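Peer 1: Residue numbers (the working numbering): -17 to 245. Each residue gets a CB set at the ideal place from its N, CA and C atoms; glycine is no exception. Since this is a predicted model, take the numbers as computed values, not measurements. Let me begin by handing over the structure; questions about it come next.
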Amino acid sequence: MSERIKMNRLNNTRDLGGMITADGRRIRPGKLIRSGHLYYADEADCALLADTVSVIVDFRTARETAEKPDPVFPGVKYHALPVLTESSAGITREEGTDRNSMVSLMREPESAKAHMCRMYRTIGSSPECAARYETFVRILLENREKAVLWHCTAGKDRAGFASVIIEELLGVSRADIYEDYLMTNVFLREEVDALMGELKQMAGAGEAVSEESMRILFSADREYLDALYDAIEETCGGMETYLRDVLHVSDADRAILKERYLQ
-17 MSERIKMNRL NNTRDLGGMI TADGRRIRPG KLIRSGHLYY ADEADCALLA DTVSVIVDFR
43 TARETAEKPD PVFPGVKYHA LPVLTESSAG ITREEGTDRN SMVSLMREPE SAKAHMCRMY
103 RTIGSSPECA ARYETFVRIL LENREKAVLW HCTAGKDRAG FASVIIEELL GVSRADIYED
163 YLMTNVFLRE EVDALMGELK QMAGAGEAVS EESMRILFSA DREYLDALYD AIEETCGGME
223 TYLRDVLHVS DADRAILKER YLQ
């Protein structure tokens, strides 16, 4: 599985290096890094990232990036690729997220789960989302010495699908892709606990909110990834077709990616 990079203030920054592919090769360490947002990075974290990273890809909305901008690293190229254009409870975390919508979802676990599955289906089936991920693959195809780092806010949904894409392209097994996706829950456990406390305060003492609903909204879940793969299957016939015909990754492109990122 991907390995957590030890940081002081960033809990879900991970190197895909070491993940095994179907042909027995491994992803090169120090080349492909997934993360949550970088806003809270301290001086030591920033120094480590500046030494490690050549390119940062940010999948957050414009409002998210304005509220919590990434640090600026000299010489590091930054790409803003907003996968979603509007706030979505559980995925984006803008300060202006509609309170009534959030409280409604926090009352009923079934509604929260259905909401998250719908959002994953949107990410997997939307042409606008696909255009962002196609650009992401084009960035990965560029030759560079240091790593590409991609992130959203928590690093589990939009950045999670970006991780799925590159892992599929490199030949990581579906079982390992799921396992790596679910590891987010381990690294974000404390952050989710703190967030739940904030959400209870936002809802107010008179609101009967469900702790289970809140965890559903802010955790990774196998059913979400199932919904994403199902949407891809229904819209274009499966992941391989999605990669080839929607993201326009050719056999030659895939060969370059494997040469560059596998050992």
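For S232 and S192, I'd like the C-alpha separation in whole angstroms.
Peer 2: Going by the C-alpha atoms only, they are around 46 Å apart.
Peer 1: Short check: CB of A94 to CB of I15, under 7 Å?
Peer 2: The answer is no: Cβ separation not under 7 Å.
Peer 1: Between F55 and A32, how many whole angstroms is the CB-CB distance? I'm expecting something under 8 Å.
Peer 2: That pair is a contact at about 5 Å.
Peer 1: Do the CB positions of V65 and I38 come within less than 7 Å of each other?
Peer 2: Their beta carbons are not under 7 Å apart, which means V65 does not touch I38 by this criterion.
Peer 1: Using only CA atoms, which one of R140, L170, M(-11) lies nearest to D24?
Peer 2: Selected option, being the one with the closest Cα: M(-11).
Peer 1: Could you check what DSSP says for S192 in three-state terms: helix, strand or coil?
Peer 2: In the structure shown, S192 sits in coil (DSSP, three-state: anything other than H, G, I, E or B).
Peer 1: Taking DSSP as the reference, what is the three-state secondary structure of K95?
Peer 2: Helix, per DSSP.
Peer 1: So what does DSSP say about Y22, is it helix, strand or coil?
Peer 2: The answer is coil: DSSP assigns Y22 none of H, G, I, E or B.
Peer 1: On a Cα-Cα basis, can you pick out the residue from V35, T117, I159, R(-9) that is closest to Y22?
Peer 2: Of the listed residues, the one whose Cα sits closest to Y22 is R(-9).
Peer 1: Between which two residues does the beta strand (DSSP E) carrying Y60 extend?
Peer 2: 59 to 62 is the span of the beta strand (DSSP E), which, as asked, contains Y60.
Peer 1: Verify whether the separation of the beta carbon atoms of C218 and Y224 is less than 7 Å.
Peer 2: Yes, these two residues count as a Cβ contact at 7 Å.
Peer 1: When DSSP labels each residue in this structure, what does M(-11) get in the three-state scheme?
Peer 2: Here M(-11) sits in coil by DSSP.
Peer 1: What is the DSSP secondary structure of D40, counted as helix, strand or coil?
Peer 2: Strand at D40.
Peer 1: Between which two residues does the beta strand (DSSP E) carrying I9 extend?
Peer 2: Taken as a continuous stretch (DSSP letters only), I9 belongs to no beta strand (DSSP E), as it is neither H nor E.
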